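Student: One structure is given below, represented as structure tokens, and several questions about it will come after.
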Amino acid sequence: MEFRRIPQLISFCIPAVGDPLPLFLQPEMQILLKRLTGLDLEKVFAAQKNERRRKPPTYSFMTKAQYEQLLAQYLKDGQKFLQMPPVMRARKEINEVVSVDPELKGYLKGKFVLTDITYGISDRRRMIMVREPDGTLRKARWQERERMNQIYFPKPHRWPRMPRMFEDENLKRLSHSNLVNQAALENEKYLFILDRVCHQFEPDDPDYIRVVETTYEHVNANGKFEVLHSTRHFGPFVFYLARIKRIDDLLIHYLEIRELSNAVDLIKVYHMIHPHCISVAAQADPQQPLQFIQKYITEAALKAGQLQLALQSLISQEQHNQEESTVSS
């Protein structure tokens, strides 16, 4: 089978706007993202660097039924480690004034923060107010809320102030480090940064979004897809690429490693986020993966030439394998 290159049509896709959370939480979207994430038990249960004491392995004699039951339990536990952080829109700053009392002006030398420390109330719903020196009473802003919540109800691994590793200048080092002998270190940095940012910020914090998107960009630019594969960050990474219409590098990766099912799922994610694209209107059949991928390449891809070469290479390899199997039989 051989496809001819058809002149690329003008795509009418527009960048996804609005709150991404409802679409991210759709059951069909979650199924696709989980399938793309995969489940590598060795990677999921790998010992962490900060683990102080590694338990020695244990050996047991089991029947086949016992082994299958234990494996099913490991698969179930593995899915818990792959719970994806939500993809949310950046929150708006709180600028709500409750009252202005000019008669209090001059009585206060600094701000007073009043915090409801009742147990059982979520950090989001907890009432926190600030009295300004000029007598203004307002609701606490996000940074003030997070600091007070962390003081009274501290969360593990969350610092009172943003760690310097998340500052722009330090994040840029991630993008500019290209030494060959640091490849392993770079791989660890991706997961370390993404895990650390989940502890430090809420998923709708602008700093959280800035850090994860900077990391995603570096992963995509360097083709380090396998580093995030089978981790809880791979689904949001794929969702991000699809939202900004830049799935081509990952799609090329899937074609090069002969994973057609993942390539089809990736395009399905793209279609769900951009339902008005030309390639959606063409109604290509996902049950015919080669034609389905070709339809995306022809009518929506940004790197159509590279994708066409990768697809043609895959087709040629499949034809070669079929010929060899025919001769051997």
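Taking full-length UniProt numbering, the leading residue of the sequence shown gets 1, the next gets one more, and so forth.
Beta carbons are placed, not taken as given, at the ideal position from N, Cα and C, and that holds for glycine.
Predicted model only: the values in this text are computed from it and were never measured.
Suppose the cutoff is 8 Å on Cβ atoms and the five residues either side in sequence are ignored; what does the same chain contact list for Val219 look like?
Tutor: Tyr190, Phe225, Val227, Leu228 and Phe237
Student: What does the Cβ neighbour count give for Val197, buried or exposed, with the cut at 16 atoms within 10 Å?
Tutor: buried
Student: Using the Cα positions of Gln30 and Val269, report the straight-line distance between them to the nearest angstrom.
Tutor: Cα-Cα distance, rounded: 10 Å.
Student: With a CB to CB cut of under 7 Å and the five nearest residues on each side skipped, what residues in its chain are close to Arg35?
Tutor: Asp265
Student: Taking DSSP's pairing of strands, which residues face Lys139 in a bridge?
Tutor: Lys139 is bridged to Met129.
Student: State the DSSP-derived secondary structure class of Phe153, mapped to helix, strand or coil.
Tutor: coil
Student: Thinking C-beta only, is Thr231 closer than 7 Å to Leu171?
Tutor: no
Student: Suppose contacts are defined by Cβ-Cβ distances below 7 Å. Is Lys137 in contact with Val113 by that definition?
Tutor: Here residue 137 turns out to be Leu, not Lys, going by the sequence shown. Cβ distance not < 7 Å, so Leu137 and Val113 don't count as in contact.
Student: What does the alpha-carbon distance come out to for the pair Tyr67 and Leu33?
Tutor: Their Cα atoms are separated by approximately 28 Å.
Student: Under the three-state reduction of DSSP, which class applies to Phe112: helix, strand or coil?
Tutor: strand
Student: Since Gln150 and Arg141 are thought to touch, with beta carbons under 8 Å apart, how far apart are those beta carbons, to the nearest angstrom?
Tutor: At roughly 15 Å, the Cβ-Cβ gap does not stay under 8 Å, so Gln150 and Arg141 are not in contact.
Student: Pick helix, strand or coil for Val87, following the three-state DSSP scheme.
Tutor: If DSSP states are grouped into helix, strand and coil, Val87 belongs with coil.
Student: With three or more C-beta pairs closer than 8 Å as the rule, is the stretch 113-125 touching the stretch 74-91?
Tutor: no
Student: Could you have a look at Ser99 and say whether DSSP puts it in helix, strand or coil?
Tutor: strand
Student: Suppose contacts are defined by Cβ-Cβ distances below 7 Å. Is Gly78 in contact with Val100 by that definition?
Tutor: no
Student: With contact counted as at least three CB pairs below 8 Å, one residue from each stretch, are the stretch 249-263 and the stretch 301-318 in contact?
Tutor: Output reads yes: the stretch 301-318 touches the stretch 249-263.
Student: Take Gln291 as the anchor and find which of Ile273, Ile315, Met272 and His271 has the nearest alpha-carbon.
Tutor: Considering only alpha carbons, the answer is Ile315.
Student: In whole angstroms, give me the CA-to-CA distance for Ala242 and Arg124.
Tutor: Taking the straight line joining both Cα atoms gives about 30 Å.
Student: With DSSP collapsed to three states, give me the class of Ala46.
Tutor: coil
Student: In terms of residues, what are the limits of the alpha helix (DSSP H) holding Met29?
Tutor: DSSP places Met29 inside the alpha helix (DSSP H), whose first and last residues are Pro27 to Thr37.
Student: Please report the straight-line C-alpha distance between Gly38 and Met127, rounded to a whole angstrom.
Tutor: Cα to Cα, the separation comes out at about 41 Å.
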